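Notes follow the structure.
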Amino acid sequence: MVGHGGPTMEFVIKIKDINKLGLIDVTAIMSRLSWPDSGSSSSIQKELHKRYVEPTPGPHPEMAIALIWLDDTLVGWVGTRLWPEKFKGRDVTAQTVECFTDPEYRRRGIARLGLQALMSAGKLNASDIVSVYAPEVINIAKNCGCRIVLLCES
């Protein structure tokens, strides 16, 4: 439950493997919670496209996603996966953190709830390197105790 001086809202958070999502989940992520004005899709949306829209043969790596629902509406998601990166001149495997919250529900801690749920489920280890691709995700990851590295500012 989240309430910031206003009415309390009760969210349902579901942790899933992106390879095993149902049609309702995929449709909600692809159609409702995306960046229509950005000119590019998120990495998770690209992975959904490879798995469900135009399936690419072969195995796909595990990606965990926390889906945050309010009643029957998907209001946010937080995803993580392992990804090869360069850190201080050496190759490392970092965990990425990516999230999106419906603009109507922002500033209510929804992304933080999703990230904490992934950590509680053992899908993300805060003591490992956590790579962040968007500056706005830095505070969310820091507030959850993650050791973050900003890889790209755009």
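Each residue of the sequence shown is one higher than the one before, starting from 1206 at the first, in this note's numbering.
Think of the CB as a built atom: it goes at the ideal place given N, C-alpha and C, for glycine as much as any other residue.
Nothing here was measured: the structure is a model prediction, and the numbers come from that model.
Are the beta-carbon atoms belonging to residue i and residue j less than 8 Å from one another?
i        : j        : result
Gly-1281 : Thr-1306 : yes
Ile-1249 : Gly-1227 : no
Cys-1304 : Ala-1322 : no
Leu-1287 : Phe-1216 : no
Gly-1350 : Ala-1331 : yes
Is residue i helix, strand or coil by DSSP?
i        : result
Thr-1298 : strand
Pro-1264 : coil
Thr-1278 : strand
Lys-1328 : coil
Asp-1222 : strand
Ala-1269 : strand
Lys-1293 : coil
Arg-1352 : strand
Arg-1286 : strand
Let me confirm a value: residue i is counted as buried when at least 16 other C-beta atoms fall within 10 Å, else exposed. Which label applies?
i        : result
Ala-1326 : exposed
Gly-1319 : buried
Lys-1328 : buried
Ile-1229 : exposed
Ser-1243 : Legend: pLDDT at Ser-1243 = 40, less than 50; position of this residue unreliable, value from coordinates given subsequently. It counts as exposed.
Please go through the same chain and pick out, in chain order, the residues whose beta-carbon is closer than 6 Å to the beta-carbon of residue i, but skip the five residues on each side of it.
i        : result
Lys-1219 : Leu-1272
Ile-1270 : Lys-1221, Ile-1223, Trp-1282, Gly-1284
Taking 7 Å as the limit between beta carbons, can you name the residues of its chain near residue i, skipping five residues before and five after?
i        : result
Ala-1233 : Leu-1279
Met-1235 : Gln-1250, Leu-1253
Tyr-1257 : Val-1231
Met-1324 : Ala-1331, Cys-1349
Grab me the residues of residue i's own chain with a C-beta within less than 8 Å of its C-beta, minus the 5 sequence neighbours each way, in chain order.
i        : result
Lys-1255 : Thr-1261, His-1265
Ala-1346 : Val-1302, Leu-1320, Val-1335, Val-1337, Ile-1353
Asp-1296 : Pro-1289, Glu-1290
Tyr-1310 : Leu-1275, Val-1280, Gly-1281
Asp-1333 : Ala-1299, Gln-1300, Arg-1352
Taking residue i as the reference, which of the options has the closest Cα?
i        : options                                : result
Val-1231 : Met-1214, Glu-1259, Glu-1215           : Glu-1259
Arg-1312 : Val-1297, Met-1324, Glu-1341           : Glu-1341
Lys-1225 : Gly-1263, Lys-1347, Glu-1267, Asp-1296 : Glu-1267
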